[in-house]
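Here the protein sequences come in this chain order: A and B. Going by the numbering used here, the first sequence opens with residue 131, and the numbers climb by one from there. Going by the numbering used here, the second sequence opens with residue 6, and the numbers climb by one from there.
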Amino acid sequence: MENLLMSIQAILQWDTLLLMVVGVIAGIIFGCIPGFTITMAVALTLPFSLGLGPLEGISLMMGVWLGGASGGLISACLLGIPGTPSAMATTFDGYPMVKKGEPGKALAIGLWSSFIGSIIGGIVLVLAAPLLSTWAIKFGAWEFFSLMVFGLSAIASLGEGNLIKGLLAGLLGMFIGTIGTDPMLGVERFTFGSVEMLSGFAFLPVLIGVFAFSQLLSEAKKGKKEKLEFNQDVSLSYPISKTLKNMLSSWVNVIRSSFVGIFIGALPGAGSSIANILSYDVAKKMSRNPKKFGTGTQDGIIAAESANNSSEGGALIPTLALGIPGSAVTVMMMGALLVHGIQPGPYFFVSEPVLAYGIFLAFFISAIFMLIIQSFGIKFFLKINDVPMHFLIPVVIILCALGSFAINNRVFDIWVLLLFGVVGYLMKQASFSLAAFVLGVILGPLTEENLRIAITTNPDLTLFITRPISGVLLLLTVLSIVYAIITDIRHNKRMNTSNTIDLNT
Amino acid sequence: MTKDRIAGVVLLVFCLFFYYQSKLIDIKDLTEITAAFFPRLVLVLIAILAVVLIIQSFLKKEKKKEEKKEKEGIVWVIFALLALYILSLDLLGFIISSFIFITIVYLIILPEKRPIKNHVISLSSLLVITIVLSLIFQNVLNVFLPKGIFF
Numbered sequence: 131m132e133n134l135l136m137s138i139q140a141i142l143q144w145d146t147l148l149l150m151v152v153g154v155i156a157g158i159i160f161g162c163i164p165g166f167t168i169t170m171a172v173a174l175t176l177p178f179s180l181g182l183g184p185l186e187g188i189s190l191m192m193g194v195w196l197g198g199a200s201g202g203l204i205s206a207c208l209l210g211i212p213g214t215p216s217a218m219a220t221t222f223d224g225y226p227m228v229k230k231g232e233p234g235k236a237l238a239i240g241l242w243s244s245f246i247g248s249i250i251g252g253i254v255l256v257l258a259a260p261l262l263s264t265w266a267i268k269f270g271a272w273e274f275f276s277l278m279v280f281g282l283s284a285i286a287s288l289g290e291g292n293l294i295k296g297l298l299a300g301l302l303g304m305f306i307g308t309i310g311t312d313p314m315l316g317v318e319r320f321t322f323g324s325v326e327m328l329s330g331f332a333f334l335p336v337l338i339g340v341f342a343f344s345q346l347l348s349e350a351k352k353g354k355k356e357k358l359e360f361n362q363d364v365s366l367s368y369p370i371s372k373t374l375k376n377m378l379s380s381w382v383n384v385i386r387s388s389f390v391g392i393f394i395g396a397l398p399g400a401g402s403s404i405a406n407i408l409s410y411d412v413a414k415k416m417s418r419n420p421k422k423f424g425t426g427t428q429d430g431i432i433a434a435e436s437a438n439n440s441s442e443g444g445a446l447i448p449t450l451a452l453g454i455p456g457s458a459v460t461v462m463m464m465g466a467l468l469v470h471g472i473q474p475g476p477y478f479f480v481s482e483p484v485l486a487y488g489i490f491l492a493f494f495i496s497a498i499f500m501l502i503i504q505s506f507g508i509k510f511f512l513k514i515n516d517v518p519m520h521f522l523i524p525v526v527i528i529l530c531a532l533g534s535f536a537i538n539n540r541v542f543d544i545w546v547l548l549l550f551g552v553v554g555y556l557m558k559q560a561s562f563s564l565a566a567f568v569l570g571v572i573l574g575p576l577t578e579e580n581l582r583i584a585i586t587t588n589p590d591l592t593l594f595i596t597r598p599i600s601g602v603l604l605l606l607t608v609l610s611i612v613y614a615i616i617t618d619i620r621h622n623k624r625m626n627t628s629n630t631i632d633l634n635t
Numbered sequence: 006m007t008k009d010r011i012a013g014v015v016l017l018v019f020c021l022f023f024y025y026q027s028k029l030i031d032i033k034d035l036t037e038i039t040a041a042f043f044p045r046l047v048l049v050l051i052a053i054l055a056v057v058l059i060i061q062s063f064l065k066k067e068k069k070k071e072e073k074k075e076k077e078g079i080v081w082v083i084f085a086l087l088a089l090y091i092l093s094l095d096l097l098g099f100i101i102s103s104f105i106f107i108t109i110v111y112l113i114i115l116p117e118k119r120p121i122k123n124h125v126i127s128l129s130s131l132l133v134i135t136i137v138l139s140l141i142f143q144n145v146l147n148v149f150l151p152k153g154i155f156f
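Here is the structure:
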């Protein structure tokens, strides 16, 4: 309780609140520009938080994150294209509803669903994360090693794309993580005699290179995008009382979708981009009149928007309590915590209670700001889409370079940005999972450390299997890989049959 | 050659190179596992999976994707420009290099050619943004950007 009061006191400072407002605005802007993702927004705003204290910095990042998750709905509803992948399912009903002449209603329902989803996700986060961490505090080096192996294999096998490539991406990331000084003995590894390489590659330029820079270039080569027009004169206002009444009439859907989102978010390997589609699907199957879905029903918007926001609360549970992020965006948030010198994991809640509660508070306050700012600023955010891509890209490139430079004040890190921009771009072209790669970079050194501590403590390798929790985690690792192999085979069979049908017709 | 096969071969070469490099790691015989153990373990796993990827690429028929009309070359031009930009930073300083760099990027990704007059506003806003960003980083965030020889 005392800690909570201290956190409240720490966070209710004018500058911290202002930072969250700025973060939310930045997040919504990135969220509503199609082609720009939340991951990119977090990567690019992170450098600005470097000069701040940990709580202020993380508050800013929370704002960006939550703002980004709901910003996608503006372009999803009004233009029919999702501003971020996590607003994909919002277009299914949001756009038809706007076409039916109710843009105000679509936006208001989407926004309130985002808000309520965030709040429910936040409550579950506050209850579940400390519980999970008290359980995980008994973990020894064996359990941590197995947990990280599981986290990496899960993101590789349950995430998008091919299993082998996912695992390769994760391992490659781990190898990149070994470059620099060895964590146990201080021996130089693969530094090629360079002083700059002694500390290895800094997270930040690697993250910016992989998630922002390479992403940006894929946008740059697309050339001319079709001009999207929206009639600016249409009234976008919709009374709050009516919105709440509408929401209340589908309260089961709101709560169910939020919990679907939390569950998907908490699972390793899946995030808000999967949560919104799955939740839409669940809502459609459970609905009494599923035929209405896709024609502009409010339940479709509610399902998608409450799930994509609540999944963020869910995703923070394993990230904070175990130090294992499950999706690209949470990998970025974990990077943000690490850059501020915070090591998430079981000891986090015990050693930094004020900061931990502060993060929870920042989550809720950002959700409230998101609701207010987006309610009043929708016209402004819609205008952002008029700014041409060929103007935005150069600005963002400069932000990438500045951000990479800022972490250590050295030009070397811009070279790192370039290197990982190229690596990220090539990996994306060959459809390797970027999230798995970055998770490997972040977890690699920890995995190695735990492996070496475990074996130094007791050279008996069977302990990894005979210690119950460690054994179960390794079993889950095997299961997730087997599951991925089975779905892969099924997928190929289906592809083959569909090919033959194509040939016959 | 499919993309997977190229990726597999590149990864194998990568593993061989770094495995050879790992022999240079100073192995102090103090602990059960040496500093070279983990990187080597990871490299061996990568190599095994890379071989699987190559074998797979022979078994699976490559699905032919329709080529999108994308200007692939632009990406590599931007990479090269970024390298030149980094090299120029110490000479010209942050503001001048950045402005030249993003102006060139702006001009090459323009979807259609229009008279220069139309770009004056965009380009001057790029200049303003560069200056504002450098002021924020230098004065608020205490980051010392390369000054160059002119200042």
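Virtual Cβ for every residue (Gly too), placed ideally from N, Cα, C.
Here Thr214 (chain A) carries a coil assignment [DSSP, helix/strand/coil]. If you look at Asp543 (chain A), you'll find it in the alpha helix (DSSP H) that goes Phe542 to Gln559.
The Cβ atoms of Leu450 (chain A) and Ala486 (chain A) lie closer than 9 Å to each other.
By the neighbour-count definition (other C-beta atoms within 10 Å, threshold 16), Pro589 (chain A) is an exposed residue.
DSSP places Arg597 (chain A) in the coil class of the three-state scheme, outside both helix and strand. Under the 9 Å criterion on CB atoms, Ile154 (chain B) is classed as non-interfacial with respect to chain A.
At a cut-off of 9 Å between C-beta atoms, Leu176 (chain A) does not count as an interface residue with respect to chain B. Judged by beta-carbon spacing, Phe178 (chain A) lies beyond the 9 Å limit of Leu196 (chain A), meaning their Cβ atoms are not closer than that value. Ser127, Ser130, Leu131, Ile134, Thr135, Leu138, Ser139, Ile141 and Phe142: these are the residues of the stretch 121 to 144 of chain B whose beta carbon lies less than 9 Å from some beta carbon of chain A, given in chain order. For chain A, the residues of the stretch 102 to 114 of chain B that bring a beta carbon within less than 7 Å of one of its beta carbons are Ser103, Ile107, Val110, Tyr111 and Ile114, in chain order. Judged by DSSP secondary structure, Pro44 (chain B) falls within the alpha helix (DSSP H) whose first and last residues are Phe42 to Leu64. The three-state reading of DSSP puts Thr449 (chain A) in helix, counting H, G and I together.
The alpha carbon of Ala85 (chain B) has as its nearest neighbour, out of A:Pro598, A:Asn580, A:Val525 and A:Leu549, the alpha carbon of A:Leu549. Within chain B, no residue has its beta carbon less than 7 Å from that of Ile407 (chain A); the closest one is some 23 Å off. Taking 9 Å as the cut-off, the beta carbon of Ala52 (chain B) is found no closer than this to the beta carbon of Lys295 (chain A).
Under DSSP, the beta-bridge partners assigned to Glu318 (chain A) are A:Thr311.
The residues Phe99, Ile100 and Leu150, in chain order, have a CB closer than 7 Å to that of Ser139 (chain B) in the same chain once the five nearest residues on each side in sequence are set aside. The beta carbon of Ser102 (chain B) is closer than 7 Å to those of Tyr90, Ser93 and Leu94 in its chain, skipping five residues each way along the sequence.
Per DSSP, Phe506 (chain A) is one residue of the alpha helix (DSSP H) stretching across Pro483 to Ile514. For the pair Cys530 (chain A) and Leu512 (chain A), the CB atoms are not nearer than the 9 Å cut-off.
In the three-state scheme derived from DSSP, where H, G and I count as helix and E and B as strand, Gly193 (chain A) is classed as helix. Annotation for Asn406 (chain A): the continuous alpha helix (DSSP H) segment containing it runs Ser402 to Met416. Taking 9 Å as the cut-off, the beta carbon of Gly424 (chain A) is found no closer than this to the beta carbon of Phe493 (chain A). When DSSP states are grouped into helix, strand and coil, His470 (chain A) belongs to the coil group.
Nearest C-alpha to Gly153 (chain B) among B:Leu96, B:Thr39 and B:Leu50: B:Leu96. Using a C-beta cut-off of 8 Å, the stretch 234 to 248 of chain A makes contact with the stretch 422 to 440 of chain A, since at least three inter-stretch Cβ pairs fall below that distance.
In this structure Gly391 (chain A) is not in contact with Ser344 (chain A), their Cβ atoms being roughly 28 Å apart against a cut-off of 8 Å.
In the three-state reduction of the DSSP assignment, Phe104 (chain B) falls in the helix class, which pools H, G and I.
At a cut-off of 9 Å between beta-carbon atoms, Phe320 (chain A) makes contact with chain B. In the three-state reduction of the DSSP assignment, Gln143 (chain A) falls in the coil class. In this structure, Ile107 (chain B) sits away from Ala350 (chain A), with a CB-CB distance that is not shorter than 9 Å.
Asp145 (chain A) is a Cβ neighbour of Glu186 (chain A), given a cutoff of 9 Å.
At a beta-carbon threshold of 8 Å, none of the residues of chain B lie near Leu282 (chain A); the nearest stands roughly 11 Å away.
If you check the CB distance, Phe104 (chain B) and Leu131 (chain B) come in under 9 Å. Per DSSP, the unbroken alpha helix (DSSP H) holding Ala350 (chain A) starts and ends at Ser344 to Ala350. Taking all protein chains in view, the Cβ of Asn406 (chain A) is crowded by 16 or more other Cβ atoms within 10 Å, so the residue is classified as buried.
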